[in-house]
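**Student:**
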């Protein structure tokens, strides 16, 4: 019998322990629990190093808080402090580092917007915390077969949210395409959180020139702040410049 390794991630200790105990009673399930996002990532890394990878994460949707409306989730990193980390950010972080792990989000109530965000982040399922154990096991085994599981009552709302998100992404992509190669490089630096001086040093430009590029980026994207530009860039799939690699040469290529 092939065993399924499950990690329950919930900052409500009693719920996490109760769920872990119920799952552990299944003959083919091995379960552990973590009380925060960073703790979960440490568990995943430790298990991978021991050759005992987890198969499925069950993540509390309200882990440490929520994603405010209009804000994209910021991936949590293993080295972060054990402060508040919302469930969607953990999904994003896990999928970026451990793409083989399947994730199911556990929620106290149905929320089409948050369910759509979870699916976009890489979750394979969204289920109610008070669902039956048999239902939860069905979802766990289903995501291992690359199935997507949602409560029927959420389907219409989630599809509407995903369609709207796609429309916004398409518009954002069109705006980003209007930028010059140098402006796109500046935008990637902005996404990475670099200030004007740091961008100037990285691109071998004067701060004045960088300010002009940044103003042009904001104007072409139709926004009035760096935060809005970064949010639009993320919707368009623009990632941050690689801060671990070499500097950018004057020709605009990474060294």
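In my numbering, the protein residues as written are 1487 to 1741. We treat Cβ as the ideally placed atom computed from N, Cα and C, and that holds for glycine.
Relative to the alpha-carbon of residue 1631, which residue among 1597, 1618, 1703 and 1589 has its alpha-carbon at the smallest distance?
**Tutor:** Translated into the one-based positions of the chain shown, residue 1631 becomes position 145. Among 1597, 1618, 1703 and 1589, the Cα nearest to that of residue 1631 is on 1589.
**Student:** Within its chain, find whatever has a CB closer than 8 Å to the CB of residue 1629; leave out the 5 residues flanking it on each side and keep chain order.
**Tutor:** For the purposes of this step, residue 1629 is taken as the residue at position 143 of the chain shown. Closer than 8 Å at the Cβ level, and outside the excluded window around residue 1629, lie 1542, 1588, 1589, 1590, 1610, 1611 and 1635.
**Student:** Nearest-angstrom Cα distance between residue 1497 and residue 1621?
**Tutor:** Working through the chain shown from its first residue, we reach residue 1497 at position 11. Working through the chain shown from its first residue, we reach residue 1621 at position 135. Near 22 Å, if we compare the C-alpha coordinates of residue 1621 and residue 1497.
**Student:** Keeping to the same chain, check which residues put their C-beta closer than 8 Å to that of residue 1613; ignore five residues upstream and five downstream.
**Tutor:** Taking the chain shown and counting its residues from 1, one reaches residue 1613 at position 127. Excluding positions up to five away in sequence, the list reads 1590, 1591, 1592, 1593, 1621, 1622, 1625, 1635 and 1637.
**Student:** May I have the straight-line CA-CA distance separating residue 1662 from residue 1709, to the nearest angstrom?
**Tutor:** The residue you call residue 1662 lines up with position 176 of the chain shown. The residue you call residue 1709 lines up with position 223 of the chain shown. If I take the Cα positions, the gap works out to 12 Å.
**Student:** Does the count of Cβ pairs from the segment 1682-1689 and the segment 1640-1652 closer than 8 Å reach three?
**Tutor:** Contact fails: fewer than three Cβ-Cβ distances are below 8 Å.
**Student:** Identify whether residue 1631 lies in helix, strand or coil by the three-state DSSP scheme.
**Tutor:** Translated into the one-based positions of the chain shown, residue 1631 becomes position 145. Three-state DSSP puts residue 1631 in coil, outside helix and strand.
**Student:** May I ask which residues mark the beginning and end of the alpha helix (DSSP H) holding residue 1704?
**Tutor:** Locating residue 1704 in the chain shown gives position 218, where the first residue counts as 1. Residue 1704 -> alpha helix (DSSP H) spans 1693-1707.
**Student:** Under the DSSP definition of a beta bridge, which residues are partnered with residue 1589?
**Tutor:** Residue mapping note: residue 1589 aligns to position 103 of the chain shown, counting from 1. Residue 1589 is bridged to 1543.
**Student:** Please report how far the alpha carbon of residue 1533 lies from the alpha carbon of residue 1508, in whole angstroms.
**Tutor:** To locate residue 1533, count along the chain shown from 1; it is residue 47. To locate residue 1508, count along the chain shown from 1; it is residue 22. Near 22 Å, if we compare the C-alpha coordinates of residue 1508 and residue 1533.
**Student:** From this set, 1680, 1692, 1598 and 1697, which residue's C-alpha is nearest residue 1650's C-alpha?
**Tutor:** The residue labelled residue 1650 in the question sits at position 164 within the chain shown. Out of 1680, 1692, 1598 and 1697, 1598 has the C-alpha closest to the C-alpha of residue 1650.
**Student:** Check each candidate in 1596, 1725 and 1702 and name the one with the smallest Cα separation from residue 1675.
**Tutor:** Here residue 1675 refers to the residue found at position 189 when the chain shown is read from its first residue. Cα-wise, what sits closest to residue 1675 is 1725.
**Student:** Would you mind giving the Cβ-Cβ distance between residue 1718 and residue 1658, rounded to the nearest angstrom? I have them listed as a contact below 8 Å.
**Tutor:** Numbered from 1 along the chain shown, position 232 holds the residue referred to as residue 1718. Numbered from 1 along the chain shown, position 172 holds the residue referred to as residue 1658. Contact holds; Cβ gap of about 5 Å.
**Student:** Return the CA-CA distance between residue 1549 and residue 1583, expressed in angstroms with no decimal places.
**Tutor:** Reading the chain shown from its first residue, position 63 is the one you call residue 1549. Reading the chain shown from its first residue, position 97 is the one you call residue 1583. Approximately 19 Å, taken between the alpha carbons.
**Student:** Do residue 1706 and residue 1693 come within 7 Å of each other at the CB atom, strictly closer than that value?
**Tutor:** Residue mapping note: residue 1693 aligns to position 207 of the chain shown, counting from 1. Residue mapping note: residue 1706 aligns to position 220 of the chain shown, counting from 1. For residue 1693 and residue 1706, no; Cβs fall outside 7 Å.
**Student:** Rounded to the nearest angstrom, how far is the Cβ of residue 1517 from that of residue 1510, given a contact under 8 Å?
**Tutor:** Position 31 of the chain shown, counted from the start, is the residue given in the question as residue 1517. Position 24 of the chain shown, counted from the start, is the residue given in the question as residue 1510. Contact flag correct, Cβ pair sits at about 5 Å.
**Student:** Is it right to say residue 1555 is buried, meaning 16 or more other beta carbons lie within 10 angstroms of its own, or is it exposed?
**Tutor:** To locate residue 1555, count along the chain shown from 1; it is residue 69. For residue 1555, the predicted model reports a pLDDT of 39, less than 50, meaning its position is unreliable; a value from the coordinates is still stated below. Residue 1555 comes out exposed.
**Student:** According to the Cβ coordinates, are residue 1506 and residue 1519 closer than 7 Å?
**Tutor:** On the chain shown, residue 1506 is found 20 positions in, with the first residue counted as 1. On the chain shown, residue 1519 is found 33 positions in, with the first residue counted as 1. Cβ atoms of residue 1506 and residue 1519: closer than 7 Å.
**Student:** If you count every other CB in all the chains shown that lies within 10 Å of the CB of residue 1798, and 16 or more means buried, which is it?
**Tutor:** Here the chain comprises residues numbered 1487 to 1741, so residue 1798 is not present and cannot be evaluated.
**Student:** Which residue marks the beginning of the alpha helix (DSSP H) containing residue 1685, and which one marks its end?
**Tutor:** Here residue 1685 corresponds to residue number 199 of the chain shown, with the count starting at 1. Taken as a continuous stretch (DSSP letters only), the alpha helix (DSSP H) holding residue 1685 covers 1682-1689.
**Student:** For residue 1539, count neighbouring Cβ atoms within 10 angstroms of its own Cβ and tell me buried if that reaches 16, exposed if not.
**Tutor:** By 1-based counting over the chain shown, the position of residue 1539 is 53. Looking at its Cβ environment, which holds fewer than 16 other Cβ atoms inside 10 Å, residue 1539 is exposed.
**Student:** Does the separation of the CB atoms of residue 1702 and residue 1669 fall below 7 Å?
**Tutor:** Stepping through the chain shown from its first residue, residue 1702 is reached at position 216. Stepping through the chain shown from its first residue, residue 1669 is reached at position 183. Yes.
**Student:** Residue 1504: buried (16+ other C-beta within 10 angstroms of its C-beta) or exposed?
**Tutor:** Translated into positions along the chain shown, residue 1504 becomes position 18. Classification for residue 1504: exposed.
**Student:** Taking 7 Å as the cut-off, decide whether the C-beta atoms of residue 1580 and residue 1544 are in contact.
**Tutor:** In the chain shown, the residue the question calls residue 1580 occupies position 94. In the chain shown, the residue the question calls residue 1544 occupies position 58. No.
**Student:** My assumption, with CB atoms under 8 Å, is that residue 1489 sits in contact with residue 1514. Please give the rounded CB distance.
**Tutor:** Start at 1 with the first residue of the chain shown, and residue 1489 comes out as number 3. Start at 1 with the first residue of the chain shown, and residue 1514 comes out as number 28. Indeed they touch by this definition, with Cβ atoms about 5 Å apart.
**Student:** Quick check: the Cα distance between residue 1529 and residue 1586, rounded to an integer number of angstroms?
**Tutor:** As a working note, residue 1529 is residue 43 in the chain shown. As a working note, residue 1586 is residue 100 in the chain shown. Distance between the alpha carbons of residue 1529 and residue 1586 is about 15 Å.
**Student:** Please name the residue, chosen from 1700, 1531 and 1547, that lies closest to residue 1822 on a Cα-to-Cα basis.
**Tutor:** Here the chain has residues from 1487 to 1741 only, and residue 1822 is not among them.
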